[in-house]
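Working notes, structure below.
Protein chains: 8
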Amino acid sequence: MAHLLEQLEQFANLDLQRAARTGIPEVVLAERKLPAQTVAIVQRLLRDLGRVLVSCVPPETLAALEQALSAEVIWTRYGEGRTLALQLPGADMATSSGQVGVLTAGTGDIPIAEEAAALCREMGCAVHCAYDVGVAGLHRLFEPLRMLLAVPVDAIVVAAGMDGALPSVVAGLVDVPVIGLPTSVGYGFGGGGMGALTSMLQTCTPGLAVVNIDNGIGAGAMAGLIAVRAAAARKDQEPRTEN
Amino acid sequence: MAHLLEQLEQFANLDLQRAARTGIPEVVLAERKLPAQTVAIVQRLLRDLGRVLVSCVPPETLAALEQALSAEVIWTRYGEGRTLALQLPGADMATSSGQVGVLTAGTGDIPIAEEAAALCREMGCAVHCAYDVGVAGLHRLFEPLRMLLAVPVDAIVVAAGMDGALPSVVAGLVDVPVIGLPTSVGYGFGGGGMGALTSMLQTCTPGLAVVNIDNGIGAGAMAGLIAVRAAAARKDQEPRTEN
Amino acid sequence: MAHLLEQLEQFANLDLQRAARTGIPEVVLAERKLPAQTVAIVQRLLRDLGRVLVSCVPPETLAALEQALSAEVIWTRYGEGRTLALQLPGADMATSSGQVGVLTAGTGDIPIAEEAAALCREMGCAVHCAYDVGVAGLHRLFEPLRMLLAVPVDAIVVAAGMDGALPSVVAGLVDVPVIGLPTSVGYGFGGGGMGALTSMLQTCTPGLAVVNIDNGIGAGAMAGLIAVRAAAARKDQEPRTEN
Amino acid sequence: MAHLLEQLEQFANLDLQRAARTGIPEVVLAERKLPAQTVAIVQRLLRDLGRVLVSCVPPETLAALEQALSAEVIWTRYGEGRTLALQLPGADMATSSGQVGVLTAGTGDIPIAEEAAALCREMGCAVHCAYDVGVAGLHRLFEPLRMLLAVPVDAIVVAAGMDGALPSVVAGLVDVPVIGLPTSVGYGFGGGGMGALTSMLQTCTPGLAVVNIDNGIGAGAMAGLIAVRAAAARKDQEPRTEN
Amino acid sequence: MAHLLEQLEQFANLDLQRAARTGIPEVVLAERKLPAQTVAIVQRLLRDLGRVLVSCVPPETLAALEQALSAEVIWTRYGEGRTLALQLPGADMATSSGQVGVLTAGTGDIPIAEEAAALCREMGCAVHCAYDVGVAGLHRLFEPLRMLLAVPVDAIVVAAGMDGALPSVVAGLVDVPVIGLPTSVGYGFGGGGMGALTSMLQTCTPGLAVVNIDNGIGAGAMAGLIAVRAAAARKDQEPRTEN
Amino acid sequence: MAHLLEQLEQFANLDLQRAARTGIPEVVLAERKLPAQTVAIVQRLLRDLGRVLVSCVPPETLAALEQALSAEVIWTRYGEGRTLALQLPGADMATSSGQVGVLTAGTGDIPIAEEAAALCREMGCAVHCAYDVGVAGLHRLFEPLRMLLAVPVDAIVVAAGMDGALPSVVAGLVDVPVIGLPTSVGYGFGGGGMGALTSMLQTCTPGLAVVNIDNGIGAGAMAGLIAVRAAAARKDQEPRTEN
Amino acid sequence: MAHLLEQLEQFANLDLQRAARTGIPEVVLAERKLPAQTVAIVQRLLRDLGRVLVSCVPPETLAALEQALSAEVIWTRYGEGRTLALQLPGADMATSSGQVGVLTAGTGDIPIAEEAAALCREMGCAVHCAYDVGVAGLHRLFEPLRMLLAVPVDAIVVAAGMDGALPSVVAGLVDVPVIGLPTSVGYGFGGGGMGALTSMLQTCTPGLAVVNIDNGIGAGAMAGLIAVRAAAARKDQEPRTEN
Amino acid sequence: MAHLLEQLEQFANLDLQRAARTGIPEVVLAERKLPAQTVAIVQRLLRDLGRVLVSCVPPETLAALEQALSAEVIWTRYGEGRTLALQLPGADMATSSGQVGVLTAGTGDIPIAEEAAALCREMGCAVHCAYDVGVAGLHRLFEPLRMLLAVPVDAIVVAAGMDGALPSVVAGLVDVPVIGLPTSVGYGFGGGGMGALTSMLQTCTPGLAVVNIDNGIGAGAMAGLIAVRAAAARKDQEPRTEN
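Protein chains in written order, with the numbering used here: chain L, 18 to 260; chain P, 18 to 260; chain D, 18 to 260; chain V, 18 to 260; chain B, 18 to 260; chain W, 18 to 260; chain R, 18 to 260; chain U, 18 to 260.
In structure tokens:
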């Protein structure tokens, strides 16, 4: 394994300072890596940083991690194991009074939305979720929205596939920045998320910006950055209890 | 002019029986024709059928028609002159108790929606319109919708550009067949109506079918066919006052 | 299983009132769900509503349903098991004198067309089908068309892949609203249904509206809505034998 | 002008032998050339070959040619002047007993179809045309088709825009090679001829090959090559009256 | 004019409460409206709200506004007159300590970026701009970036056409939320802004979300919402000098 | 099996007269059919017509046919079994003096080209093939071309993937109609045959028409029709030795 | 004018060192600039650097430059004035023994090719051109190619529209790096240069790299860089006569 | 095996002279070939040329080669076995003082970059690599770049997926010709390498040309040709130690 780690150093100059510089934790995209490669990177990051987020985890990589990581590692699974937050006991934990809302139009959008939620939590934010509140039955939308406005949240991630109409409807009803997260749910013409992405970009309601299809990490990073900064402004006047 | 008409017979075997066979009136698409060609075709159809609908009328064709047609022709202008219903006095008028609703998301969608409304009226239907009720301010939608349901209408044409979300929202709230009419309002990625078409095809709400971008005639024909047939069923039991 | 059901309530706010509001029965799209998820949703809907339609059923989900559902459930299979109509004995059955025609251009279009037929039957309509009547041999089209006009049907669903020419030809010959249902039959440029969708949207014949590629449920819902409303108009004067 | 001709020799190595080698006459595409450039090339080809075809002629180039060419040049205009066949008196004329049919779906397709007809005539073929016989009214198709089969023609060019369904219908009814010629008639999704091209490529009926959108010259060249070769085979047994 | 205003009420249910609800001022998109329509809408909004932003102003609409508006209206022109902020003396002015940065890659991106800046200013934010700092000469980027971080800004709008690389580079260097604003600068494959949009969506650097091509209003609204909320959090502890 | 055949009659109105009407034999596309469906259709066509062509044969269908068909069936395999010509002893065999050339640019294009060759042979033509003569080494092209011109052939099918340049080069060198057959060889941008199709449609050389990507049957049918008709013209003067 | 220059400094941080750093001269893209903007930038660059290249010059900008520039400026016009090389007398002139070949497939490609040639000449290279040597008549290609190989050239720019086949053919015949320059010549499917770009990217012949459609500057810069470096290597041993 | 080789001669006219003519070695693309086909071609090329490069090697073909090739074959594996350089002992080895740099933006781009490196080495060049130096952390770029400029290299291949920004950044910093190599790393809109290709073609920095997505061989061939020619120029003055 030591040899593999050396190879890794040659292959990937891991950017350990990025977390410090941008406030966004290190994320390992497991999808196109061999399980052994992911395991080695995760182990190194745990050793150096104490915590790491792993996204798009294939089942065989999940198994390899379960077998390889030491028992003391603390696991949090999101989206049925698609996203993993791993940390060593006592690792530094980002804290913030940032508040993020996460909504999905359908049930198929949940694993992608969870990716965004996981990243926001790693950034120290509180995340408030409501799933399957889509446009076909508008009455299901209003209660979750009232809940998010009561917190109040600093930003809302809205995940939707198919016609991608939910983020526009939400942005038309609130004065909170909305991050549209198109998902690859959908088929035929405009399938694979293209319809959702297109209609989010074509929105008539200002206050909505988007990330790429299925890019839950990107949506979470944007929402987290907004919330952490708003929280930092609030902190200046409040007793900073979380530090 | 007689010579031009003879040329026309050579060029275009006008399908005078179509109106009788499908219940949809003859429509002259003026967009790609020379003004003189449109004038000649319109004059022949007026002589043979007593009435004609002209769509996508360019300003110079409008001027040519105004100059060429005899004073007795009765004009109805839709969508600021983009669509014209022309008839001779005493021409047979289709009658029906068919009821059609027409909604638009924005003001830019109105000329296209008027094209659909014009065709439905030529088929003898009553048309009930409400414009600029789009998704960005949902509260503007509910009163028009209640009005349409009170008629009640047999079909609803919903014209929308940009993100094209309105037809899905409407279809999710009513049990009336909805015809989605994407318009070429929009720019950038998904512009020219592609975003609207895509999200209508990706709709999560059943009870919605679509026509091509800016095809108001097609949307009107579909809605008119549905309404005329429903009205015919009602007619069998009612005193046919309109004949 | 009770635990899974509770999770489901958290994941999916099932919209039990939709059937009542729009006249379109509840449809479970099984394609992107785990077999256990589909089984749980189906069981809950059967318990609450007495009947449910399941579409895009993968073989392993079919097997899971066959094993899990109680013996009293009444099964109707469409399109070689791709679509399932499931009901408990004595469940309320929608009734209507609505009449729907369903045509396909080729044999490959049949499973998608059956999805539309299944939905129309669940809405209480009589469905009249004729398959493989495509454009390459026009003489095969005329007899089925005469049959549909003799019923007469209130709407016709026409499923076609490849060049998608059949719906236009049909709409040019009848005065019944036609719903074009493009299927993913086809390859190369314009394959996967894009050619069929494109030519249906580009049709020269009014009286045709379309749904997305392979969206049999959507086509059936549109046709069913039209037929049910026409039938309701007829019912007002006829003895309602079906209630 | 002599200077311009010299410049031309530097710019364009005109391929005077092509006509002899492939049986297809020299065609000058006027669309992207300055009027003076087209005039100079036409004059040189008339001088060297005695005849030339000019396609996609803009109005200002038409005017320039009318002014510049000597009075003895014999003009034949096709498609309202979009295509010009020019020759000097006594120039060699290709002769052939080749027979080509040309059909169009609508009137908008005629100028493109005329381009194909012009090229076939330059190759010495007899051309038999029938315009505006499109799919929306199938009954208009049968008489022209019977006429073409009675000649009988060696190849049929079928020009169509919009849904491009006519070539497939024709190829399904005859045993003559059909060249599909998509035209840029059409709008919205699949507009500009894309819908027509797509459905011709997706045809279910063998015996159909296509050229690019609005490429009347290409369609004519293919049909002409087929007809000239078939005629040559016939000639071997018939008295060659045309030479 | 009174008559035109009445027509307007029928055509456009202006949503006067939107500004209050979402914090984003009313914007009139002048591009697809007749000059008289824009003048009438602007006059009504000035009368009702005291201020209005007009975007995508064509030259003839600019002239019509200059002629029609009363002399007391206060004009601010952005992007060479493409965007106009109009207000009556004494109109309520939004105030905020929100800080927004606006960068452009090239000079061609400036008019679009100014649209974003105008909207942020209308929302009461201070806007800090640096133009033509694009990727081809990275050394020009660092000084402006240091300036923005010194403010510090709450959000940065980065406008770029062509390869759209600048937003990713900026987001990789700062911990401020970045809104990518692709512009239609560019030609050939990926032209019209598609290349810029694509590479922004494909970014490897988290903390970046995008709006549609040339949608300066959308980018400004997103940045403004973020900044106003951050400023509100700061305000709770500071003396609110701006009210 | 009898039952399956009856089902088939209901599912597929086999068009047994097509061969007689268009000169193109019946082709069974095996790709999207279950092996048992293909076997049943093949058996019926063998019984009724004595011969059948099967294309796009998957390995499992090949195995099913080998097991199911009676021993007397005569097999001809093309393209490593992708295409099968099956006949009963003594079945009528189309005869013709038609001559067809078939070229491929690379080795990957051969299975598709063989599909075209198989169809031409079923139409009674002699087929002359030369493979892997592509543009990267032009010197390999000249000898095969000289051979084809010496026959001489009535039509040439040229199969090419990647940049699809070969058909244009060939059409520029001969005066024989060329059918461009783009294949799905290729990757990245323009992959899957799109590059080949595009460049064939954009050809500068007249005398070239194309079919869809991988549509060997369509290319063969077009070439066969041309050759059979040319041969029929020749036959009128020659002793018909092949009947 | 002084005021406009000051505005310019604010708008455009001209990158005067780029020429020195990359060996590529400063190029002003005149297409999207107002004539006065272009004039001001050109005057400043002439003053600072002594020479400048202006590309995509619209006629009105050409007129403005002719009027504004002092009489001593030395003009070189390329591609009928589309590209301008401007210099003051005595300005430093790059010198190199770099040798570049430039070929075009058709006459329509010449203005774009001239843009590449102009840039190479500004870099001090000798440029050897041959125009209209396209694939439809291969025999026209061989003599120019022999000429280029005799020089010998260090790189060849090959401009082609339509099917874009020429660069692949050239790269298959020589061992010199080839830069494919797709031009926007072409129409219909794959028009506007997409067909040419696609087939160049799909080339089967190694030794070919491409730039974007109509990007003559980019092609020239690449060829110039290659040639200048090769020449520098040669210079080390030769008497540097050009300095 | 002898029989298979004979078949091969019929199937593939291997172009053994290409290496000599263009300086680019013979490359066998193993991806779409059966393992046995690849083995036979490799064995023949080893016998005839002494060396061969095999690219896109699937695992089963790798295994087949390992088993089939004689023990004396010398193997060099690139990109985890995706590319293989095979040679017999004593085979002629191309030598050159050509110097090529190879950079990648991420780790996922390495196997494609290695393909380019392998080809350059086969052409006799020295290759200098630095991997994972992408735009998100610009500080990682500068040291590798300084190293390449110190060599100095004759050409640089820059492989990047996702937003494909790295080649533009590099070309803006150096005066060496850069070959952009887009890789299929990326997902959602612009995925599969389309985003990378698009932004490379849209680059604002001259001195960059591109090859198709994942075409490492093409990038290597272009870089190798450039470097070999520059080295040849240098050689003329240096003692040729490598021959």
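No residue lacks a Cβ here, since even glycine has one placed at the ideal position from N, Cα and C.
Shortest Cα-Cα distance from L:A143 to any of L:F206, L:V168 and L:I127 involves L:V168. Legend: CB atoms of the stretch 229-247 of chain V lying less than 8 Å from CB atoms of chain R belong to residues N229, I230, D231 and N232. In the DSSP assignment, W:A176 forms a beta bridge with W:T121 and W:L198.
As the crow flies, the alpha-carbon of V:V175 is around 15 Å from that of V:R157. Per DSSP, L:I230 lies in no alpha helix (DSSP H) and is assigned neither H nor E.
Rounded to the nearest angstrom, the Cβ distance from P:G241 to P:M217 is 20 Å, too far for a contact under 8 Å. For D:R138, there are no neighbours in chain L by C-beta distance under 7 Å, as the nearest C-beta there is about 22 Å away. The beta carbons of L:T200 and L:I234 sit about 13 Å from each other, so the pair does not count as a contact at 8 Å. The residue among V:V90, V:R251 and V:P194 with its C-alpha nearest the C-alpha of V:R64 is V:V90. Not a single CB atom of chain D sits nearer than 8 Å to the CB of L:Y95. With fewer than 16 other CB atoms across the displayed protein chains lying within 10 angstroms of its CB, V:G107 is exposed. Residue pairing of R:V144 in beta bridges, as defined by DSSP: R:V117. Around V:A130, the same chain offers V119, T121 and A176 as residues with beta carbons nearer than 6 Å, after the five sequence neighbours per side are excluded. The beta carbon of U:V187 sits closer than 6 Å to the beta carbons of V175 and V195 from its chain, once the five residues preceding and following it are set aside; these are given in chain order. Under the DSSP assignment, P:V150 falls outside any alpha helix (DSSP H); it carries neither an H nor an E label. Under a criterion of Cβ atoms nearer than 8 Å, the residues of chain V adjacent to P:R49 are, in order, G125 and V202. If you draw a straight line from the Cα of W:V45 to the Cα of W:T100, it comes to about 10 Å. For U:A249, the closest C-alpha among the options R:D149, R:D171 and R:Q84 is that of R:D171. With contacts defined by Cβ atoms closer than 8 Å, R:G40 and R:M140 form a contacting pair.
Chain-order list of chain V residues neighbouring R:G205: G210, N229, I230, D231 and N232, by C-beta distance under 7 Å.
Taking CB atoms only, B:Q116 has no neighbour in chain U less than 8 Å away. DSSP places D:A130 in the uninterrupted alpha helix (DSSP H) bounded by I127 to E139.
The stretch 69-78 of chain P and the stretch 43-57 of chain P touch, with three or more beta-carbon pairs separated by less than 8 Å. Interface residue (Cβ-Cβ distance to chain D less than 8 Å): P:D65 is not classified as such. Within the same chain, and ignoring the five residues on either side of R:G212 in sequence, the residues whose Cβ sits closer than 7 Å to its Cβ are M179, D180, G181 and G203.
Non-local beta-carbon contacts of B:P161 in its own chain, meaning distances under 6 Å to residues more than five positions away in sequence, involve A147 and V150 in chain order.
The alpha-carbon separation between P:M239 and P:S113 amounts to approximately 15 Å.
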